[in-house]
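Scroll down for the structure; my scribbles are underneath it.
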C-alpha cells in the first residue's frame, strides 16, 4: 500500500502518522495577504511579507522546533492534558515508546485536516487549517470528540505564539523589539500592535496589528486569556508543558492591556462535560492587518462554524479550479501527482522564491528568470493576463541589454540594485524571448511585438562593469534621451537588443562570458575569465528562432520594416571576420554600451525584416559551427559538449587525468538549440546514461564528481557532492533535458527523464515528500525544496506540448502526440483536458494496440465530430480561424485515432 493515497482526481491525499517524517509541510495562502506553511503537527509560520511575520519565521532546520507551533490543548479533569495536534512533552516521548496517539492527515490544495486519536485520553481531534481566499486570515476548525464510554470533563485552551515583527529580528534586536509590543485582550481574542518596526528600512511607525481570535461553534467568546509568553508557559515552563495548561491558572479578561512582552494568542474556553461520543467545536482566526478596524469584519465573516465551513468549501473549489489542466494516463496516482505539479507554478506566483521552510533565502518576490519561466505555466492555465504581464516585464530591460534583478511587489515594478551592487547573470536575456515565443504560438498575437515599452535605468552601466556617475534618484528609473524624454522601444526592439548584446559579450575563447553566473547561480566565481558555452548554445537557438519570428511577422502582418534605436546599428555588423575575432566583438559591444551609458539620442533607424532575419541567422549559424568545432570533447567513440570555461580560462569538461568531468547543462542547450547534430545527440544520450544517470537518486545528475573545490568556477563545488547544484538530480535542468530531447525527436529518451523524476517523487519511502516535484533529490533520493521550483512549469509544459504534443503554432492548435505505450490506459486511451485560446478542450487519443509512438500515424481526427486537417502522419491541426468559431462556454472534444 502506498504511503500517499489519493481519494479523488483533484490531488486530495491521505497519509497515516505523518509526524513520523521530518520536513513535511503544506503551503496555505490566499491570492494576497497571508502566506503560511503548516506541518502535520501544525508547525510552520505565517507572514504577509519579509517584514510582517505573524508566527515566528522557520527554516527547514528549525521546523521541528515546536516553540512557535499553533496548538490546541485539552485539559482532561483527573487525567492530565493532551495536545490535539500532538505537540506536548508527553506526546513527544510517547511517539518513540508505546505510541498512545494515532494520526491521519488529509490534505488538498491550500488546506489540510489532521485527525488524531488518543488511547490514553480517549479523545479524538479533527483540526482543519486553511487561509481565506482573500488572504485576510488563517482559519482553524477544531472538533474534539469524547471516545470514552464515560463522561469526561474537558477545558479547551488555544495557543498561537505571536511573533509580530520582521524576520530580520530573529537575532537582530529580538528582545528590544518585544519592548515595542502593545498587547490587548478583546472580547474574543488577542491583538498585538507594535509601536515601531525595526528592519532594513530603518525605524518606522508600525500600523500592522497581529491578531488571534477564538470562538465556539456558536460564536461565543473565550473565558479568559494568557496574552504573554511568561503568563502562558509560567516560570521554568515551555510551550511543550505550559503552566496555563498544566494547572487551573487564573488569566486575564477582555480589556487587559500589556506592554513590552513577547506575545501569545492564548486563551481558554469554558470547561465542558462531554458525554460518550459527544463533540465540541471551535473556530480560531489568526492574521495580520494594516487596518485594525477590519478585524471585527473578519470575525463577522468567519467567526462561526457554519461560516468557516462555507469558506473552506469555497477554498477547495477555488484552488481546484485554478488548476484547469488534467491528465488521464491510466494511472490515477500519476495523474494526481501531475495535478500537484501543475499547481506548483501558482504557488510560486504567490510565494515567489521565498517564504516556505526550505526557501529561506531571499526576502520575497521573484527574480528575473522566475518572472519569465512562471509565465510559461500561466500561458497554459490562465493566459488572459499574460499579454500585459509580458509587456510590463520588458520594462525591466536596460538599454545595454542587461536587466533589473530586484523585482518590485507590483507587476512591471523594478527596483534599483540594493547597496549599489552591480551584477549580471548572463542567461537573463535568454528567457524573455522563450516566453514571448510561446505566447505568440499560443495566441497568434503578433501585434504584441509592436507594443512600446520603456527601458529600466539605474546606477549600473556598461553591462555591470561600471556606474553611471550622472544618474541619481531624481533622474528616475526609466531610460531617457538627450532631450530628457523617456525613451520607448517596441517589445521586438527589446528582444533584439538583449540577444544581440549577448552575442558580442564574449571571452577569450569567443564563447559568451559567464559574468556573475548563468542559470546556475552557484557558478558565481569566474567573473574575469569564465565563459558559458551552454548558454552560448541557448542564445544561438534564440537568434535562429527570432529570425523565424521575423519572417513569420512579415508574412502574417505584411510589415516589411521596423524601427529600432539608432545606436543599435552597431550591433547589426555582419562579417565572419568580426565574429571570429573575440577582441573586436568585445570592443564593438563596449563602444555601444558607452554610447548608452547615460542618455541615448532618441533617434531611430529603419531596418528590413528579411535583412534582419538573415543577419541573425548568420550569427546563429556561426555560433553553432564554432561550438561544434571547438567544444566537442571525446570519450572513446562517444562525447559531449564542454559547457564552461573557469576563471583561469580552462575548459571545464572532458576526460582529464582519467577523471570524467561532464555537466548536464551544456548538453541540454546544445540539443535544444539545434547546435548538436543528430549523431551528437545520440552520443550525448549514451554519455549521460553512462556518467550522470542514477536511478536511486532520481535520474540524471547535474554533473559528475569533480573531486575538487573548484573555486575558480563557483561556490557549488564547496557543496557536498550530490547536494543541490553540485551533482544532485536537479529537477529543473533534468526536465529541460527531457524537453530538449522531445523537441529533437528523441521521445523515448525524453520520457526516461520525466519518468525517473516522477518515480523518485512518488517513492515516498525515499522522497519523504508530499505530492509534487522538488527542486532536487539528494543522494538518498529525498526530495528537497518542495513546491517553489521552475521545474514544475517546464514539466507541465513538456507533458502538454511534447508528450501529448498539443501546442500552438502562431495561433493554430497543432497536435502531434509522442505518448509511450504505458501512458495509455488498459483500453489504449489517454486524455488531456486544457484551455487553448479561451476554449476548453478534452483531447482524447486512441492507441488500442498500444504501439510505440514512432510506429503510429493518425487515421482519424475530429473536433466535435467534424474532421480535422491531417498535416502529417502524426500531426493534425485545428486552425485559429476554426477555434474562433467555437463556443467559449462549452467543452470541445477532439478525438484522435492512432494506428
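Residue numbers (our numbering): 50 to 948. Cβ atoms here follow ideal geometry from the backbone N, Cα and C, with glycine treated the same way. Note that the structure is a prediction, hence the values are computed from the model and not measured.
The C-alpha of residue 775 lies about 7 Å from the C-alpha of residue 769.
In chain order, 200 place their CB closer than 6 Å to the CB of residue 324, counting only its own chain and leaving out the 5 sequence neighbours on each side. Within the DSSP bridge table, the entry for residue 120 names 208 as partners. Between the region 883-903 and the region 918-937 there are three or more C-beta pairs closer than 8 Å, enough to call the two in contact. With distances taken between CA atoms, residue 439 lies nearest to 480 out of 480, 451, 836. In the DSSP assignment, residue 97 falls within the unbroken beta strand (DSSP E) covering 95-98. Linking residue 270 to residue 400 through their CA atoms gives a straight-line distance of about 34 Å. In summary, residue 228 is exposed, with fewer than 16 beta-carbon neighbours lying within 10 Å of its beta-carbon over all protein chains present.
Within the same chain, 877, 878, 944, 945, 946, 947 come within 8 Å of residue 895 by CB-CB distance, once the 5 residues on both sides are set aside. The alpha-carbon separation between residue 136 and residue 173 amounts to approximately 15 Å. In the DSSP annotation of this structure, residue 852 is not part of any beta strand (DSSP E), being labelled neither H nor E. Taking 8 Å as the upper bound for CB-CB distance, residue 919 and residue 862 are not in contact here, some 14 Å apart. The beta carbon of residue 577 is closer than 7 Å to those of 696 in its chain, skipping five residues each way along the sequence.
Secondary-structure assignment with DSSP links residue 880 through a beta bridge to 377, 893. Proximity to residue 98 across 272, 248, 198, 786 peaks at 248, based on C-alpha coordinates.
Between the alpha carbons of residue 371 and residue 594 lies a distance of about 32 Å. Check the Cα spacing between residue 262 and each of 308, 316, 781: the tightest is with 316. A residue is called buried once 16 or more other Cβ atoms fall within 10 Å of its Cβ, and residue 581 is buried on that count.
Secondary structure at residue 793: coil, using DSSP grouped into helix, strand and coil.
CA-CA distance, residue 540 to residue 420, rounds to 16 Å.
Within the same chain, Cβ atoms closer than 7 Å to the Cβ of residue 149 are found at 143, 167, 168, 169, the five residues on either side in sequence being excluded. Contact between residue 528 and residue 536 holds: their C-beta atoms lie close to 5 Å from each other, under 8 Å. Out of 924, 832, 364, the CA that lies nearest to the CA of residue 71 is found in 832.
Its chain contains no residue whose beta carbon lies nearer than 6 Å to that of residue 635 once the 5 sequence neighbours on both sides are disregarded. A straight-line Cα-Cα distance of about 57 Å links residue 277 and residue 789. Per DSSP, the continuous alpha helix (DSSP H) segment holding residue 586 begins and ends at 582-606. Per the DSSP secondary-structure output, residue 434 pairs with nothing in a beta bridge. For the pair residue 75 and residue 180, the CB atoms are not nearer than the 8 Å cut-off. Under the rule that a run must span 4 or more residues, the alpha helix (DSSP H) segments found entirely inside the region 522-573 read 540-553.
Taking the C-beta atoms as reference points, residue 646 is found no nearer than 8 Å to residue 522. Three or more beta-carbon pairs separated by less than 8 Å link the region 93-113 to the region 331-338, which places the two stretches in contact.
For residue 842, the CB contacts under 7 Å within the same chain, skipping 5 residues up- and downstream, are 394, 422, 423, 425, 426 in chain order. One alpha carbon belongs to residue 332, the other to residue 305, and they sit about 22 Å apart.
Rounded to the nearest whole angstrom, the CA to CA distance from residue 197 to residue 830 is 43 Å.
DSSP places residue 157 inside the beta strand (DSSP E), whose first and last residues are 150-157. Remark: fewer than three beta-carbon pairs, one from each stretch, lie closer than 8 Å, so the region 850-861 and the region 812-828 are not flagged as touching.
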